[in-house]
Amino acid sequence: MLENSVKSTVVAVINQKGGVGKTTTAVNLATAVAAIGKKVLVIDLDPQGNATTGFGMPKGRGVYSSYGVLIGMTDVNEVVQKTYVEGLYLLPSTIDLSAAEVELSSMKDRDSKLKYAIQDIKYDYIFIDCPPGFGFININALNASDKIIIPLQCEFYALEGLAQLFNTVRSVRNTINKNLIVSGIILTMYDRRNSLSSIIADDVRSHFGRLVFDTVIPRNVRISEASSHGKPVILYDIKSMGAISYIELAREFLAREKENLGGKTSVIIN
8 MLENSVKSTV VAVINQKGGV GKTTTAVNLA TAVAAIGKKV LVIDLDPQGN ATTGFGMPKG
68 RGVYSSYGVL IGMTDVNEVV QKTYVEGLYL LPSTIDLSAA EVELSSMKDR DSKLKYAIQD
128 IKYDYIFIDC PPGFGFININ ALNASDKIII PLQCEFYALE GLAQLFNTVR SVRNTINKNL
188 IVSGIILTMY DRRNSLSSII ADDVRSHFGR LVFDTVIPRN VRISEASSHG KPVILYDIKS
248 MGAISYIELA REFLAREKEN LGGKTSVIIN
């Protein structure tokens, strides 16, 4: 149980590109961190609601989802649901969230709605599954977060768009959230049979050094199968390479938290 004075650590899992493993990382990293004994909340902030589906949870309707919380119509405690994973909770999403971009544009404090909504809830970690692109939803996620994790697919255009992401993070730091840091970059969909994956991984590490997690998430059919069954992969097949990788990633993430490595690497976006 958390002490009342302890603030939740909020982590946005973000990349403006789609299909790089954001939801898979948010769902499975959060599950592995909860399995280690932490109290964890996943906020599904993507209108597609894939994180909600990934936990096998029914998608809410209207305000009874992250949409209602984001636009200020619903208290977050009324919407959060307990998952079947001990210590893991979910703020589900629904397609209604797609309307939030337009609605937020005319609201006062439109960049701070999520921050205000979750500032008093108590978890060890809150992971936010962000949608692709940049807009008011993702600005809210960045403003509410202490740090970000960037899933990066091991493909030819992996580095394309990272400059824009870092520019956005820098802008948020300079305007509304001066404490935002980059916790790390996670290499995803690594295919050891493809030499290109190794080349891309080496290239990313040469650019970003220790900012890149040592743990690499492989291409693994069990990860896809788990999602289709509404389960995190460590519950679907704990012996699979995908499950083992996310367990190792959780251990590395928590070790970095203990070392405060994120703070040491925050110069990347200064």
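Mind the numbering: the sequence shown is residues 8 to 277 in my numbering, read in order.
Backbone N, C-alpha and C fix where the C-beta goes; we use that ideal spot for every residue, glycine too.
- From what residue to what residue does the alpha helix (DSSP H) around I241 run? 240-243
- Message: According to DSSP, is M196 part of a helix, a strand, or is it coil?
- Response: strand
- Whole angstroms is fine: what's the gap from F215's alpha carbon to C161's? 15 Å
- Select from K238, S113, V76 the residue whose C-alpha is nearest the C-alpha of L5. Only positions 8 to 277 of the chain appear in the structure, and residue 5 is not among them; the question remains open.
- Task: Entirely within the region 111-138 and at least 3 residues each: give me those beta strand (DSSP E) ranges in chain order.
- Result: 132-136
- For N184, which residues from the same chain have a beta carbon less than 6 Å from its beta carbon, with the 5 sequence-adjacent residues on both sides left out? N150
- Message: Rounded to whole angstroms, what is the Cα-Cα separation between Y197 and S105?
- Response: 31 Å
- Can at least three beta-carbon pairs, one atom from the region 15-24 and one from the region 123-141, be found at a separation below 8 Å? yes
- Message: If you reduce the DSSP assignment to three classes, tell me which class I206 lands in.
- Response: helix
- Nearest to V223 by CA position, among E264, G94, I157, is which residue? I157
- Message: Taking the beta carbon of T5 as the centre, do at least 16 other beta carbons fall within 10 Å, making it buried, or is it exposed?
- Response: The structure shown does not extend to residue 5, since the chain spans only 8 to 277, so no value can be given for it.
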